[in-house]
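Below is one structure, written out as structure tokens, with a few remarks after it.
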Amino acid sequence: MTPTQAESTMSTAQIRDRHPLALALFALTAVSGLIDAVSYLGLGHVFTANMTGNVVVIAFALVGTPGFSVAGSLTSLAAFLLGSVLAGRLALRHPDARRVRWLRAALLAETALQGAATAVAFTSSGGRAREEALIALLAVAMGLRNGTVRKLGVPDLTTTVLTLTLTGLAADSSLAGGDNPRLGRRLYAVLAMLAGAAPGAALVIHGHLAWTLLASTVLVAAITVGYRERD
Numbered sequence: 003m004t005p006t007q008a009e010s011t012m013s014t015a016q017i018r019d020r021h022p023l024a025l026a027l028f029a030l031t032a033v034s035g036l037i038d039a040v041s042y043l044g045l046g047h048v049f050t051a052n053m054t055g056n057v058v059v060i061a062f063a064l065v066g067t068p069g070f071s072v073a074g075s076l077t078s079l080a081a082f083l084l085g086s087v088l089a090g091r092l093a094l095r096h097p098d099a100r101r102v103r104w105l106r107a108a109l110l111a112e113t114a115l116q117g118a119a120t121a122v123a124f125t126s127s128g129g130r131a132r133e134e135a136l137i138a139l140l141a142v143a144m145g146l147r148n149g150t151v152r153k154l155g156v157p158d159l160t161t162t163v164l165t166l167t168l169t170g171l172a173a174d175s176s177l178a179g180g181d182n183p184r185l186g187r188r189l190y191a192v193l194a195m196l197a198g199a200a201p202g203a204a205l206v207i208h209g210h211l212a213w214t215l216l217a218s219t220v221l222v223a224a225i226t227v228g229y230r231e232r233d
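If you're matching positions, the sequence shown starts at 3 in my numbering and goes up one per residue.
As structure tokens, this is what we get:
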């Protein structure tokens, strides 16, 4: 199997919620909650995973809204796009790789980037330079993740945003005349994000940003090592 978007979409559209790939993506969604807590609460109201939010933040900053940074948000946006480009290049470099090896390569790269951010958080003093370095590293990691997950094409498991998931949850519900397709998956994705964001926020607001990054790095590393499936 080649990891092209079309083939990945065909092979992943019917994946069940207990499939190893789905479980890995649920876990990565929780990691995104941790990262959002770090970036938004600890790095000057900047998103490194949610670029819709980042574009809105840039607009807020441009009109002088207190607490928002154009520079930080632009750094995040540019780094995220770089990470997405790297995801595409990684797929091209593994045209004959099975999904397990291809995804693991992407997760190893994300682990390395988050690990670098963790090292910066623990070893550098506070200041704008530290914030910009953390924003750049995390946004590249999240761009790489988004690009990879997009090519995998598992419905309702983007790992970083929930807008379409929540829209589907409501628009396809019995209240709207639908038959609630993938109800469990959509709910699990929301709960996974909450499960990461809540402890992440608690750690960051109590001054433990570096430890939050360490936790996210360890989780991605564990997902990388533990991911197993037959293609």
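All C-beta atoms in this analysis are idealised placements derived from N, C-alpha and C, irrespective of residue type, glycine included.
Once you ignore the five residues that flank residue i on each side, which residues in its own chain have a CB closer than 6 Å to its CB?
i: residue 34; result: 51, 161 and 162
i: residue 7; result: Legend: pLDDT at residue 7 = 43, less than 50; position of this residue unreliable, no value from coordinates given.
i: residue 171; result: 188
i: residue 32; result: 194, 197 and 198
i: residue 26; result: 225 and 229
Give me the Cβ distance between residue i and residue j, rounded to the nearest whole Å; I'm assuming they're in contact under 8 Å.
i: residue 2; j: residue 221; result: Residue coverage of the chain in this structure runs from 3 to 233, which leaves residue 2 outside it and unanswerable.
i: residue 119; j: residue 140; result: 5 Å
i: residue 197; j: residue 158; result: Their Cβ separation, rounded to whole angstroms, is 17 Å, which puts residue 197 and residue 158 out of contact at 8 Å.
i: residue 202; j: residue 214; result: 5 Å
i: residue 55; j: residue 49; result: 4 Å
Please classify residue i: does DSSP put it in a helix, a strand, or coil?
i: residue 16; result: coil
i: residue 182; result: coil
i: residue 76; result: helix
i: residue 52; result: coil
i: residue 227; result: helix
i: residue 157; result: coil
i: residue 82; result: helix
i: residue 201; result: helix
i: residue 21; result: coil
i: residue 246; result: As shown, the chain starts at 3 and ends at 233. That puts residue 246 outside it, with no answer to give.
i: residue 163; result: coil
i: residue 41; result: helix
i: residue 126; result: coil
i: residue 102; result: helix
i: residue 218; result: helix
i: residue 71; result: coil
i: residue 170; result: helix
i: residue 175; result: coil
i: residue 90; result: helix
i: residue 65; result: coil
i: residue 35; result: helix
Once you ignore the five residues that flank residue i on each side, which residues in its own chain have a CB closer than 7 Å to its CB?
i: residue 17; result: 23, 24 and 156
i: residue 11; result: Any answer about residue 11 is weak, because its pLDDT of 40 lies below 50 and its placement is not dependable; what the coordinates show is given next. Here the set comprises 155.
i: residue 53; result: 79 and 82
i: residue 143; result: 85, 112, 115 and 116
i: residue 226; result: 106, 109, 110 and 113
i: residue 138; result: 77 and 81
i: residue 19; result: 186, 187 and 190
Going by C-alpha to C-alpha distance, which of the options sits closest to residue i?
i: residue 58; options: 126, 78 and 113; result: 78
i: residue 182; options: 150, 145 and 169; result: 169
i: residue 74; options: 66, 130, 227 and 125; result: 130
i: residue 231; options: 100, 146 and 95; result: 100
i: residue 132; options: 212, 166 and 146; result: 212
i: residue 147; options: 127, 184 and 92; result: 92
i: residue 150; options: 205, 210, 65 and 107; result: 107
i: residue 76; options: 184, 128 and 46; result: 46
i: residue 164; options: 38, 206, 15 and 67; result: 38
i: residue 43; options: 223, 208, 178 and 229; result: 208
i: residue 135; options: 173, 102 and 41; result: 41
i: residue 125; options: 206, 184 and 216; result: 216
i: residue 210; options: 14, 128 and 66; result: 128
Check whether chain B comes within 7 Å of residue i, counting only Cβ atoms and requiring the distance to be less than that.
i: residue 76; result: Absence of chain B from the displayed structure is noted, only one protein chain being present.
Going along the chain, which residues of its own chain have a beta-carbon closer than 8 Å to the beta-carbon of residue i, five neighbours each way excluded?
i: residue 176; result: 182
i: residue 21; result: 231
i: residue 64; result: 72
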